[in-house]
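Residue numbers (the working numbering), protein chains in the order written: chain F, 39 to 155; chain E, -15 to 97.
Structure follows, in C-alpha cells:
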C-alpha cells in the first residue's frame, strides 16, 4: 500500500526564517507522482507543485523550493524568508494507481505552519 | 483560469432534510472529485467521475449520492445525514483522472444537526 508521512505535526517560525517541511513516501510503483498542496484558513487547497518519479531535478519557484530524492523516498519543501501569509496547513500527496480507472491522491497528515511577525 | 466554484459555502441541515452541494468548473477538465475533510485531517476521497461516469466510489454510504449532469457540473445529493457527517466537503477537478494535478474549490462547510 502507498503511504505518505509528514512527521512534523506543527512548526512555528518567526518571519524571514527559512523552514523545511518534510515528506517521506512509500510506494511499489515505479511510476508515480508527488504533489504539495497548501490549505490556508479559508479552506481551499491550493496546488503548489507536481513532480514525477523520473524527474529528480530540484525545483525553485520564488521563495519556494522542492528537493526530491528517490534514494531516501523524500520530497521536502522549503520556504525561504517565510512570511505571515505562508501560515497554512501543507499537505504532501502521492498519486496511487487504481486499476484501470486512473489514479487517486494519497495525502499525508499535513503540517501546520505558523509564521509569526 | 484555475477556478473551481462550490455552492453553498455553508450549509446547516437537519437529519431528515434533503439538500444538494454544487460544484462547477470551466477549465475543460474531464475528471471531477468529491472529498470529505474533517477538522485537522487530510481530505478523504469519496467519489471520482471520469468523462461524466462514476469511476471510483470509496464505499461511501448511500445517504451521499453524486451526480454529474455534464462535464462542467458535479452535484452531491444529501439525504438523512448523521451528525458525524458534518465536515468540509471539497470538490476538485483535473485534466483527466490519471496523474494530473487536481484543482480544488473552496469547499462547503456542512453542519448536520
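Idealized CB from N, CA, C, for every residue including glycine.
- Think of a sphere of 8 Å around the beta carbon of residue 54 (chain F): no beta carbon from chain E falls inside it, the nearest being about 27 Å out.
- Remark: fewer than three beta-carbon pairs, one from each stretch, lie closer than 8 Å, so the region 62 to 77 of chain E and the region 40 to 56 of chain F are not flagged as touching.
- Here DSSP, grouped into helix, strand and coil, assigns residue -13 (chain E) to coil.
- Residue 88 (chain F) belongs to the set of residues whose beta carbon lies under 8 Å from a beta carbon in chain E.
- In the structure shown, residue 44 (chain E) falls within a coil segment according to DSSP collapsed to helix, strand and coil.
- At least one C-beta of chain F is nearer than 8 Å to the C-beta of residue 87 (chain E).
- The closest CA to that of residue 122 (chain F), considering only F:132, F:155 and F:106, is found on F:155.
- Counted as a single uninterrupted DSSP element, the beta strand (DSSP E) harbouring residue 6 (chain E) occupies residues 2 to 9.
- By the Cβ neighbour-count rule, residue 107 (chain F) is exposed, with fewer than 16 other Cβ atoms within 10 Å of its own.
- Taking all protein chains in view, the Cβ of residue 98 (chain F) is surrounded by fewer than 16 other Cβ atoms within 10 Å, so the residue is classified as exposed.
- Judged by beta-carbon spacing, residue 27 (chain E) lies within the 8 Å limit of residue 74 (chain E), meaning their Cβ atoms are closer than that value.
- Under the Cβ criterion (8 Å, minimum of three pairs), the region 55 to 74 of chain F counts as touching the region 84 to 92 of chain F.
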